[in-house]
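Chain order of the listed sequences is L and F. So this note's numbering is basically just the index in the first sequence, starting at one, shifted up by 333. So this note's numbering is basically just the index in the second sequence, starting at one, shifted up by 333. We treat Cβ as the ideally placed atom computed from N, Cα and C, and that holds for glycine. See below for the structure under consideration.
There are 2 protein chains.
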Amino acid sequence: MCQLLGMNCNVPTDICFSFEGFRRRGGDTDHHRDGWGIGFFEDRGCRLFLDYQPSAISPIAELVRNYPIKSTNVIAHIRKATVGEVSLANTHPFRRELWGRYWVFAHNGDVKDPPRLDGHRFRPVGNTDSEHMFCWLLERLAERFVDFPAEAELFAVLRELAADLAQRGVVNFMLSNGQWLAAHCSTRLHYIVRQAPFGCAHLVDNDITVDFSEYTTQRDLVSVIATQPLTDNEVWTPMAPGELLIFRDGMPMRP
Amino acid sequence: MCQLLGMNCNVPTDICFSFEGFRRRGGDTDHHRDGWGIGFFEDRGCRLFLDYQPSAISPIAELVRNYPIKSTNVIAHIRKATVGEVSLANTHPFRRELWGRYWVFAHNGDVKDPPRLDGHRFRPVGNTDSEHMFCWLLERLAERFVDFPAEAELFAVLRELAADLAQRGVVNFMLSNGQWLAAHCSTRLHYIVRQAPFGCAHLVDNDITVDFSEYTTQRDLVSVIATQPLTDNEVWTPMAPGELLIFRDGMPMRP
Numbered sequence: 334m335c336q337l338l339g340m341n342c343n344v345p346t347d348i349c350f351s352f353e354g355f356r357r358r359g360g361d362t363d364h365h366r367d368g369w370g371i372g373f374f375e376d377r378g379c380r381l382f383l384d385y386q387p388s389a390i391s392p393i394a395e396l397v398r399n400y401p402i403k404s405t406n407v408i409a410h411i412r413k414a415t416v417g418e419v420s421l422a423n424t425h426p427f428r429r430e431l432w433g434r435y436w437v438f439a440h441n442g443d444v445k446d447p448p449r450l451d452g453h454r455f456r457p458v459g460n461t462d463s464e465h466m467f468c469w470l471l472e473r474l475a476e477r478f479v480d481f482p483a484e485a486e487l488f489a490v491l492r493e494l495a496a497d498l499a500q501r502g503v504v505n506f507m508l509s510n511g512q513w514l515a516a517h518c519s520t521r522l523h524y525i526v527r528q529a530p531f532g533c534a535h536l537v538d539n540d541i542t543v544d545f546s547e548y549t550t551q552r553d554l555v556s557v558i559a560t561q562p563l564t565d566n567e568v569w570t571p572m573a574p575g576e577l578l579i580f581r582d583g584m585p586m587r588p
Numbered sequence: 334m335c336q337l338l339g340m341n342c343n344v345p346t347d348i349c350f351s352f353e354g355f356r357r358r359g360g361d362t363d364h365h366r367d368g369w370g371i372g373f374f375e376d377r378g379c380r381l382f383l384d385y386q387p388s389a390i391s392p393i394a395e396l397v398r399n400y401p402i403k404s405t406n407v408i409a410h411i412r413k414a415t416v417g418e419v420s421l422a423n424t425h426p427f428r429r430e431l432w433g434r435y436w437v438f439a440h441n442g443d444v445k446d447p448p449r450l451d452g453h454r455f456r457p458v459g460n461t462d463s464e465h466m467f468c469w470l471l472e473r474l475a476e477r478f479v480d481f482p483a484e485a486e487l488f489a490v491l492r493e494l495a496a497d498l499a500q501r502g503v504v505n506f507m508l509s510n511g512q513w514l515a516a517h518c519s520t521r522l523h524y525i526v527r528q529a530p531f532g533c534a535h536l537v538d539n540d541i542t543v544d545f546s547e548y549t550t551q552r553d554l555v556s557v558i559a560t561q562p563l564t565d566n567e568v569w570t571p572m573a574p575g576e577l578l579i580f581r582d583g584m585p586m587r588p
């Protein structure tokens, strides 16, 4: 299996602290050592950093940990390969463009019987069940809507599609187009919303504490979503199996 | 205007030496300081590094310069913004997926009258003429072929499309799908094919010399393509206006 990390905020925020804990699980405090990746949205732009080296020792992970990229939507993934060999093509997150926006997707779980890809528009480059599902999902969206629909419509379809996928196996996933971040829980996802008054947080995976009040304003809202809580002195909310949340401007909502 | 750098080889090779010279032109030896990017193909996988900081000082460029990523197809770009503001969404190279392969594109030049985008499949995320042309190009390919055609057919269409674009302005571009690298010259592109017996090369933009014979075997073929020659003690071949070359396994051919 793998682990997921996501962040959604109302002001561009760096993810250095959370990423430092998360990346230790890729070969140090945990065994997810078959590559890792992280995608940052900055306005409409998006950059992905990918490596098939374990995140605990990857020089690119070292850069990401030390280079504060300010973003409102981030998705990261550390991999323990189950379907598909260890390679760059199989490294999450995956990215495609739809309706003139980038879409980024990462998945934790196993799907033995993924839905058939009957379209021609989105095709997997690697051979993971995860990228396959991402392509299927975008193909369905592209089929239903020629252009960006109203959000209520979009989220309703997303809920249908997530429910369909969830019937086929374990599908914890995160999806973002830079405007919001969707998190779907099959078995295990936790989140926390940090807001004023901000306090101190201490990592589970490394003895590091940060005082968020030094880096934030009263108005900041920062949601962090992770397979397992990243800090040991804060209260994380477990998501329920089958639950889909849309995080926007740092707050979760039920679509 | 901007500058382009490409590499195509018959064995995975790192681009650290060439990139060190090239990236100096982004804010140090030259004025292309409005962001930069580089895309590496590794088998079917592909990773892009992008930054809107000048490549001469970008921490990501520093990483790329020191982290020897072995690749058979690389495309890099340093930007001097003409169309579209300085932003991540406008930073080359651009990437899309077609027929289950990633495609990477970078452009140097100006096109006042880009062809109309009449399809729905590929849409620009940013607002450069370059990404617009890339989308148009992929849309045409997707329209003509449902799946990968025979290469002769593909290259013939590519030649048509490049000629069409070239009538509309200055279109120096590089395009790769990881199997080969296409370079089209409107005004300025040079290339060199390095092969045995390998010798020493000295950068134009930094006083660094490398002895390629220490890093290569007798069978290696490495083509480097750049807007302006990167070394001052080797003979680079200028491409002719209107010329399209396909580099494959380290050698150029006329499609």
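Bridge partners of residue 559 of chain L according to DSSP: L/338, L/523. CA-to-CA, the gap between residue 440 of chain F and residue 463 of chain F works out to about 6 Å.
Only residues of its own chain outside the window of five on either side were considered, and among them 434, 436 have a CB closer than 6 Å to the CB of residue 510 of chain F, listed in chain order. In terms of beta-carbon proximity, residue 401 of chain F stays away from the interface with chain L, with every pair separated by 7 Å or more.
Residue 548 of chain L has a beta carbon lying at 7 Å or more from every beta carbon in chain F. At a cut-off of 7 Å between C-beta atoms, residue 416 of chain L does not count as an interface residue with respect to chain F. Residue pairing by DSSP places residue 346 of chain L opposite L/404 in a beta bridge. In chain order, 554 place their CB closer than 6 Å to the CB of residue 528 of chain F, counting only its own chain and leaving out the 5 sequence neighbours on each side. The beta carbon of residue 344 of chain F does not come within 7 Å of any beta carbon belonging to chain L, so the residue lies off that interface. At a cut-off of 7 Å between C-beta atoms, residue 351 of chain F does not count as an interface residue with respect to chain L. Any Cβ of chain L closer than 7 Å to the Cβ of residue 394 of chain F would place that residue at the interface, and such an atom is absent. Secondary structure within the segment 538-584 of chain L: the beta strand (DSSP E) runs of 3 or more consecutive residues, fully enclosed, are 542-544, 555-559, 577-581 (chain order). Close CB contacts of residue 552 of chain L within its chain, under the 8 Å cut and outside five residues either way in sequence, are with 343, 344, 529 (chain order). Taking 4 residues as the shortest admissible run, the segment 440-516 of chain L contains the following complete alpha helix (DSSP H) segments, listed from N- to C-terminal end: 462-477, 484-499. Going by DSSP, residue 377 of chain F is part of no alpha helix (DSSP H) at all; its letter is neither H nor E. For residue 406 of chain F, the CB contacts under 6 Å within the same chain, skipping 5 residues up- and downstream, are 341, 374, 509, 511, 514 in chain order.
Contact with chain F is absent for residue 576 of chain L, since none of that chain's Cβ atoms lies less than 7 Å from the residue's Cβ.
In terms of Cα proximity to residue 532 of chain F, the closest of F/501, F/568, F/523 is F/568.
Not one beta carbon of chain L lies nearer than 7 Å to the beta carbon of residue 368 of chain F. If you draw a 10 Å sphere on the C-beta of residue 520 of chain F, you find fewer than 16 other C-beta atoms in it, and that means exposed. About 11 Å separates the Cβ atoms of residue 382 of chain F and residue 368 of chain F, ruling out a contact at the 8 Å cut-off. By the Cβ-count criterion, residue 550 of chain L is exposed, with fewer than 16 other Cβ atoms from all chains shown falling within 10 Å of its own Cβ. Within its own chain, the residues whose Cβ lies closer than 6 Å to the Cβ of residue 506 of chain L, once the five positions on either side in sequence are excluded, are 440, 517, listed in chain order. Contact check between the segment 382-397 of chain F and the segment 409-424 of chain F: three or more CB pairs, one atom from each, fall below 8 Å, which counts as touching. For residue 430 of chain F, the uninterrupted beta strand (DSSP E) segment begins and ends at 427-431. Residues of the segment 379-390 of chain L whose Cβ lies closer than 9 Å to any Cβ of chain F, in chain order: 379, 380, 381, 382, 383, 384, 385.
For the segment 439-462 of chain F, the residues whose beta carbon sits under 8 Å from a beta carbon of chain L are, in order, 453, 454, 455, 456, 457, 458, 459.
For residue 394 of chain F, the enclosing alpha helix (DSSP H) starts and ends at 392-399. In chain order, 340, 407 place their CB closer than 6 Å to the CB of residue 348 of chain F, counting only its own chain and leaving out the 5 sequence neighbours on each side.
For the segment 483-500 of chain F, the beta-carbon criterion of a distance under 9 Å to any beta-carbon of chain L is satisfied by none of its residues.
Rounded to whole angstroms, the gap between the alpha carbons of residue 404 of chain L and residue 587 of chain F is 44 Å. Looking at F/334, F/346, F/429, the one whose alpha-carbon comes closest to that of residue 557 of chain F is F/346. For the segment 468-482 of chain L, residues whose beta-carbon sits nearer than 9 Å to a beta-carbon of chain F comprise 468, 475, 479, 480.
Taking a 10 Å sphere around the C-beta of residue 538 of chain F, we find 16 or more other C-beta atoms and assign the residue as buried. Apart from the 5 residues on each side of it in sequence, residue 523 of chain F sits with its Cβ closer than 8 Å to the Cβ of 558, 559, 560, 561, 562, 569, 570, 571, 572 in its chain, given in chain order.
DSSP places residue 531 of chain L in the coil class of the three-state scheme, outside both helix and strand.
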